[in-house]
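So the number in the numbering used here is just where the residue sits in the sequence shown, counting from 1, plus 675. What follows is a single structure, written as C-alpha cells, with notes after it.
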Amino acid sequence: MTVPWVRTRLRSAPGAAWALAVLVVVTACLAAAFPRALDRYEDAGLRHAARQAGPDRTSVQLTGTQPDFTLPQDQREAALRSAALRKQYDDVRPTVGRPLVIDPAQSAYGVRPADDPAVPDTWIPRPNGLPAHVYPATQSDLAGHATVRQGRLPRISGQVTTQTPEIEAAVTAATANGLHIKVGSVIHVPGEGRAPLAVRVTGILTPRDPAGAYWSTQPLLRTPTLVALPTPDRPKYWLGALLLAQDAAPALLGTSAKPGPYWQLAPDPTALHAHDLDGLKTAVAALESGPGLQLARTRTTPDTDVSTGLDDVFTTFGQLRSGIRPLTAVAAFGTGTVAVVVLLMAGGLTADRRRTELALLRARGASLRGLTSRLLAETAVIAVPAGALGLTAALLALPGDRRRYAVAAALAVTLTASAALPVRAALTHRVVRVHGPREDVTTVRPSRRRTVAELTLLVVASGAVEALRRRGTSGSAGDQLVSLAPVLVGVIAALVLVRVYPFLLRRLARPAGRLRGVVGHLSLARAGRTSVSAVLPLLALLTALTTAAFGGSVLAGVSDARDHAALLAVGADARLDATAPLPARLPGQVSRLAGVRGLAEVSITDEAKPRDGLDAVPLVGVNPGDYAELAVHAGLGAFAEGQLTRPAGSGTVLPALASPSVATAYGTRPFLVRLPDTSAVTVRIVLVRDVTPAVSGADFLVVDRAGLSGTAARPTSLLVTGDQVSGAALRKAAGSSAGVTVRAEERARYVDSPLQSGAEHIYTAAVAAGAGYAVLALLLSLLRAAPERAALLARLRTMGLTRAQGRRLLVLESLPQALLAAAGGALTGWATIRLLAPGIDLTSVALASAQNPVAEAQLRTDPVSLAVPAIGVLLVAVGVAGVQAWWSGRRGSVRELRAGDAR
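This is the structure in C-alpha cells:
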C-alpha cells in the first residue's frame, strides 16, 4: 500500500517534489560544508603559525653534552660516531607521541660544538680586527640535502680519533662568500693538549631546500652571521659552520669545541590538525618535562636536554582560535536556525495546502499512525537521496580527514526535511474533523501553551544576552547558549511582531474602509484572511534578517578596525622615513607622482630632551598648514592651522601640540627643549591630542619647524595623502634614501593567519545564506497563496476589476507582511547589535596576532547590512506579486472560475 501511495503522490505533484529535493540538497550541502570548511581553515591556520615560527622553533631538538671524561678514550670517540648516533636516533623517534608526527625527510642527527672556537687564520675577514669563529659540526645525510657546487663532499681516511691531525669539511655557498673560503682552503681549529686541528675544505655546497627544517633548524649551518660583542662599541666577528664528514666528529674531542651529540626531529606540517591541538600540547609537554623526556634520556644519554618552541606556537594559535571560534559559532547558529525554520515552513505549507485531503482521509478511517507513516515515506523518498547528494557534493568540494560532523549535519537536515510534513500533519489532524473553524490571523487567539512557550523562550534569550554582555565571547567557545544569543533575540522579536501583526491589521482596516476605491480596503481584508500558518514566514524572515545584519556588521567592524589600525601605524596614505635629512629634490618628485593629492614635510627628532632632563621625547617639526590639513583628512588629532603657527619675532615661545602624558609631565608653562644638534627651543603646550599622524607612540611634541634650527628643521619624513598612491612609484622615487610604508600594504599585513580570513569567509557565507533563505521563505509564502489569489483575481475581473487594479491589489496584499518583516528585521538587527556589542571583541578576527596599534575592535552597527536585506525583502515581495498578476492576466480566467477545483 505504501509504494503505490508514494508513487501516486510524487507523480501528482512533481514540481513540489523537485523543489523539496533542491532545498534539501542545498541545505545539506551547506550544513555538511561548514564543519569541513572550519577544519580546513583551522588546519591552515595552525600550519601557517608553524611555518611563521620557523623550523628553529618548531623542531624538537635533543641535545647531549660532551662524552664523560671518566670514560675510556675509545668509548668517548665511539659515542660520536654515526653508527651509535643512528641507533639512538632510531630509538628516540618513537618517543614522540601522536598526534605529533615526525617528518623523517627533514629530521637529522649529528655532532655539534657547545663552543665556537676562534681560528687564527688571518685570510678570513676580520671586520673589526677580531678573529673569525667556526662552528664545526656533522649532520646526517648531507649528500641527500645539498648539491655540490664546487669540489666534492668531505670524507674520512681510516678511523678518525682524537689525535687525527687533519679532517675534511664542506661549506655552503653563503659561508664561502662571507668568509672568503675556497676549495682547498685550510682552517686551523685550536687544539687542547695537541696541535691545532687542520680542517681542509673539499667542497662548496648549495642547499636543495634552504627553508626546510634540515637546514633551518640550525640556520648557521647554511648562512654565516656577524656576531656583535656586548660592549659599547659593539665590535663584530664572523661565525660560520664547517660541515664535517659524518665520522670525523671524534677529532673535535681534541679541541676546545666541546662536541656533543644532537638529534633534531622536525614535525610534519601536513600532519598538524587543529582538532588535535590538545593532544599536540600533551605530546610536546611529555617530551619537554614528562615521560617522553625520561624515555629519551634512557635511549640516548642521561643528560640529554629537549627543547622546542612548539608549545609556544600551539599556545598562541589556541589563543587566536579561542577569540575567533565564538564569532564563527554565532554565524553558524544564525544561518542554521534560519535553514531549519525554512525547512519546517516548507513542511508546514505543504500540510496547509493538503489540509482538505488529509482531513478527508482521517474522516474516511485513516489512522493517525498510518497517515503520518505514509507522509514520512513520501518525503523520505525525496529527502534521503537529496541529502546524500548534498553530503557527497560537500565532501568532494572540501576534502578532509574528518567526516563524522559533516555526515551528522547532513543527516540532521535530512531528518528535519523528512519529519516536517508528517509531524505538522499529526499535530493538525490528531482530532478527526471534516470542517475546521476559520483561523484568520485577525481573529484567532493564541493558546495558553503558546503563551507559556513564548515566555520561556524570552527568559532563555534574556539570560543568553546578559551572559554575553557580561563575559564576552572570549573563553566561551563551548557555551552554545551564548552563541545562540543573536538568534534568540531575533526569535523573540519575531514572536512579538506575530502578536502585534493582527492588531496592526485591524487598526489599518478601519481608515482604509473610508478611502475611495476598493483596492486598499480589499487588500487589507485579504491580508487579514491569511491563515495562521501563513504567518510562519515572518519568523524565518526576521531571523534571517537579524543574522544577516549581525554578520554584515561583523564584517564591517573587521574592515573598519583594519583601516583604523593601518591609519594609526602609517599616519597617512603613505609615508617616507629616513634616519637622516631627506634629499631636497625628493618632496617635489613625490608631489608630482600620480595619485598624490597632498604632502606634509616633517622633521622627527627622537632624542629631544625637555628641561635638559634624561628623558627623551619625540619632537616633530611641521608646516602648520599642511600638517593641519593632513590631521583633518586622517582624523588623527585635528587642529586649526593658526594654533601651531610660530608667532612673529625672534626668541618667541613656540606653541606646541602634545600627547596627554607629555602635557601631564611638563604642564602649560614654557620650558626649554634641547635638540641633538646642540640647539634649543622654548615651547609651551597649547594643544593636547591623543594621537598625531607623524608619530604612533604615546609621547610626542609637535611644533612649527620654522622655529627650529636649520639642521633640525630639515625634513626626515614625508606624509603623503591620495586615494591611489603607488608604493612601487614611491620606492622608485625614494631610491635608497628613505623607506616607504603604504597604508594599503600595512592593512593587508593585519590578515596574519588563515584563521582570520577563514572566519571572514564564514561570515560572508552566513550573510549570503541568510539572505537567500529569507528570500526563499518569502517565495514559499507567496507561492502558497498563488492559486487562491489567481482565483480571486479571476472573480474580481468578472466584476469589472482592471488589470492595473489587480496588480495593485496583489502588491498591497503582500506588503503588510513584507513591510513588517523588513522594518522589524532592520530594527531587530540594530537592537541585537546594540545589546551584544559590549561583549564582542573583533580584535582576533580583524588584526594579526602581532602587535597592533588598536587596543580593541568593537562591533558596530553597519547601516548597509541593515538596509540592503530589508529592501531586498520588499523588492522581492512586490516583484513576485507583480509577476503573478501579469501571469494571471495572460492565462485568462476560465480555469480559475471552474467550480469544484481545489484552491
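Glycine included, C-beta positions come from ideal geometry on N, C-alpha and C.
Scanning T733, R1424, T1067 and V1245 for the CA closest to the CA of T991 turns up T733. Cα atoms of C704 and A1085: separation of roughly 7 angstroms, rounded to the nearest angstrom. In this structure, the beta-carbon distance from L755 to P925 falls below 7 angstroms. L1217 is the residue among L1217, R1039 and D908 whose C-alpha sits nearest the C-alpha of V1450. Secondary structure at P966: helix, using DSSP grouped into helix, strand and coil. Scanning its chain for C-beta atoms nearer than 7 angstroms, with the 5 sequence neighbours on each side dropped, one finds around T850 the residues I856, P899, G915 and A916, in chain order. Annotation: the continuous alpha helix (DSSP H) that includes R761 extends over S757 to V767. Here T837 is buried: its Cβ has 16 or more other Cβ atoms, across all protein chains shown, within 10 Å.
When F989, A691, Q736 and A1072 are compared, the shortest CA-CA separation from A708 is found for A1072. Contact between the segment 926 to 933 and the segment 826 to 842 is established, with three or more Cβ pairs separated by less than 8 angstroms. Counting C-beta atoms within 10 angstroms of its own C-beta, V864 has 16 or more neighbours from the protein chains shown and is therefore classed as buried. Taking a C-beta distance under 7 angstroms as the contact criterion, P1285 and Y1341 qualify as a contact pair. Classified as exposed, I1546 has fewer than 16 neighbouring CB atoms from the shown chains inside 10 Å of its CB.
Beta-bridge analysis with DSSP links P811 to L917.
Around the beta-carbon of S832, fewer than 16 other beta-carbon atoms lie within 10 Å, marking it exposed.
Under the three-pair Cβ rule at 8 angstroms, the segment 1466 to 1476 does not count as touching the segment 1496 to 1507.
Beta-carbon to beta-carbon, A1136 and V1166 are separated by about 7 angstroms, close enough to satisfy the 8 angstroms threshold.
Its Cα nearest to that of A1055, the residue L1090 stands out among L1070, Y716, A1083 and L1090. Taking the Cα of T1536 as reference, the smallest distance to any Cα among T1222, V767, A812 and A1014 is reached at T1222. At the C-beta level, L1051 and P1001 stay beyond 7 angstroms of one another. W1505 sits away from L1453, with the two beta carbons spaced by 7 angstroms or more. By the beta-carbon neighbour count (other beta carbons within 10 angstroms, threshold 16), P1330 is buried. In terms of CA proximity to S891, S782 leads the group G720, G935, T702 and S782. A Cβ-Cβ contact shorter than 7 angstroms links V1366 with L1311.
Per DSSP, S1278 lies in no alpha helix (DSSP H); the unbroken beta strand (DSSP E) holding it starts and ends at G1273 to P1285.
A distance below 7 angstroms separates the beta carbons of P811 and A932.
Taking all protein chains shown into account, P1299 has 16 or more neighbouring C-beta atoms within 10 Å of its C-beta and is therefore buried. Judged by DSSP in its simplified three-state form, R1380 adopts helix. Judged by their CB atoms, V809 and V794 are nearer to each other than the 7 angstroms cut-off.
The beta carbon of Q921 sits closer than 6 angstroms to the beta carbons of S757 and T813 from its chain, once the five residues preceding and following it are set aside; these are given in chain order. DSSP places Q1492 outside any beta strand (DSSP E); the residue lies instead in the alpha helix (DSSP H), whose first and last residues are R1478 to L1511. Cβ-Cβ distances below 7 angstroms link T930 to P792, V864, P865, G866, E867 and L872 in the same chain, with the five nearest sequence neighbours on each side left out; the list follows chain order. Within its own chain, the residues whose Cβ lies closer than 6 angstroms to the Cβ of G853, once the five positions on either side in sequence are excluded, are P899, listed in chain order. Judged by their CB atoms, A1381 and L1257 are not nearer to each other than the 7 angstroms cut-off. For the options R1145, P905 and Q969, the alpha carbon positioned closest to that of L1510 is the one of R1145.
Sequence-distant partners of G1273 (beyond 5 residues in either direction) whose C-beta falls short of 8 angstroms from its own C-beta, in its chain, are D1301, E1304, L1305, H1308, V1395, T1396 and G1397.
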